[in-house]
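Beneath this line is the structure, given in structure tokens, with notes to follow.
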Amino acid sequence: MPRLLTYNVHRCLGVDKKLDVARIAAVIAEQAPDIVCLQELDVGRARSGHVDQCQAIARELAMSVHFNAAMTIETEQYGDALLTALPERLVKKGALPTVRGVPGLEPRGALWAAIEIDGTTLNVFNTHLGLVPREQRLQAEALVGPGWIGHPDCVGPTLLTGDFNATSITRPYQVLAARLDDAQRRLGLKPSLKTFPSSFPAIRIDHVFVSPDIRITGASVPNSPMARAASDHLPLVVDFEIETRTA
């Protein structure tokens, strides 16, 4: 049964102010996921010792990795990654829309990979939305539009995950939930699993959305002392099955 983990790793800077890529990899490895979607990674940035955090984590997990630099400043990059040991190919990576005239907004982006699971192709999208509601709405609408989930090539089982910076009562969440199902809602989890902040998780802003042909069989938020220290978010883990349609 495949397992997906989504995790905002906060550039591998823990709540204890320690920069520790190996610790993030260890938190992930404890869950033995098949697919890993990460947000807030540094690649070649001075503030994190010029380490390529994507490649370092991929090596620890023995996985292939695709990285999308949402932000590039000269040789320094910052963005999101998708890792797996399953057969895969990158379909698309790129920027999401933003709003002009608002100071301090970071560029945002998404990745789309086609991953083979037992002979079936699973479309996996990983993203990290902005902080301003108007910006989030634009980005959510883009994700369900013809450039991403609404693209003609996006057929069959589909999974969208990441840090959406939006709770389930917000418009951006509702835009996404109108197109794909919230994995936690599918399970009827009460109370819901929350991931932020890691020291006392009170908010649900990391989500997994799935198409009807994906059956959710379990969900959890690892909260070991190591996980609580490694990032300001906890990882969200979802187990699923792809339902094969018979003629």
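In this note's numbering, the protein residues as written are 138 to 384. C-beta atoms are modelled at their ideal positions from N, C-alpha and C, and glycine is treated no differently.
The Cβ neighbour count for M200, taken over all protein chains shown within 10 Å, is at least 16; the residue is labelled buried. A check of alpha carbon separations from R271 across L259, I252, L233 identifies L233 as the nearest.
With a threshold of 16 other beta carbon atoms within 10 Å, P139 meets it and is buried. A residue is called buried when at least 16 other Cβ atoms come within 10 angstroms of its Cβ; G355 does not meet this threshold and is exposed. Within a 10 Å sphere around the beta-carbon of G216 sit 16 or more other beta-carbons, which makes this residue buried. The three-state reading of DSSP puts L233 in coil, since its state is none of H, G, I, E or B.
Closest in alpha carbon position to C174, among Q168, V152, V261, is V261.
Listed in chain order, the alpha helix (DSSP H) elements of length 4 or more contained wholly in the segment 161-240 are 190-198. With contacts defined by Cβ atoms closer than 9 Å, Q176 and V146 form a contacting pair. Annotated three-state conformation of V158 is helix, per DSSP. Residue ranges of uninterrupted beta strand (DSSP E) with 3 or more members, entirely inside the segment 245-293 and ordered along the chain, are 246-254, 257-265. Shown here for L268: same chain residues with a beta carbon closer than 6 Å to its own, the five before and five after excluded, namely N302 in chain order. Listed as beta-bridge partners of R316 by DSSP are no residues whatsoever. Distance check between A247 and each of T258, I254, D319, K230 places K230 closest, using alpha-carbon atoms only. Boundaries of the alpha helix (DSSP H) around A364: 362-367.
Nearest in C-alpha terms to P359, of all of P338, L317, R148, is P338. Per DSSP, the continuous beta strand (DSSP E) segment holding N145 begins and ends at 140-145.
Beyond the five residues adjoining it in sequence on each side, R182 comes within less than 6 Å, by CB distance, of E213 in the same chain, given in chain order. Out of E243, G238, V281, D255, the CA that lies nearest to the CA of W249 is found in V281. Take the alpha-carbon of D350 and the one of R316: they are about 13 Å apart. According to the DSSP secondary-structure assignment, F346 is paired through a beta bridge with L297, D319.
In the three-state scheme derived from DSSP, where H, G and I count as helix and E and B as strand, L324 is classed as helix. Under a 10 Å Cβ-count criterion, P372 is classified as buried, with 16 or more other Cβ atoms of the shown protein chains found around its own Cβ.
Counting C-beta pairs with one atom in each stretch, the segment 189-199 and the segment 162-171 have three or more that are closer than 8 Å, which means they touch.
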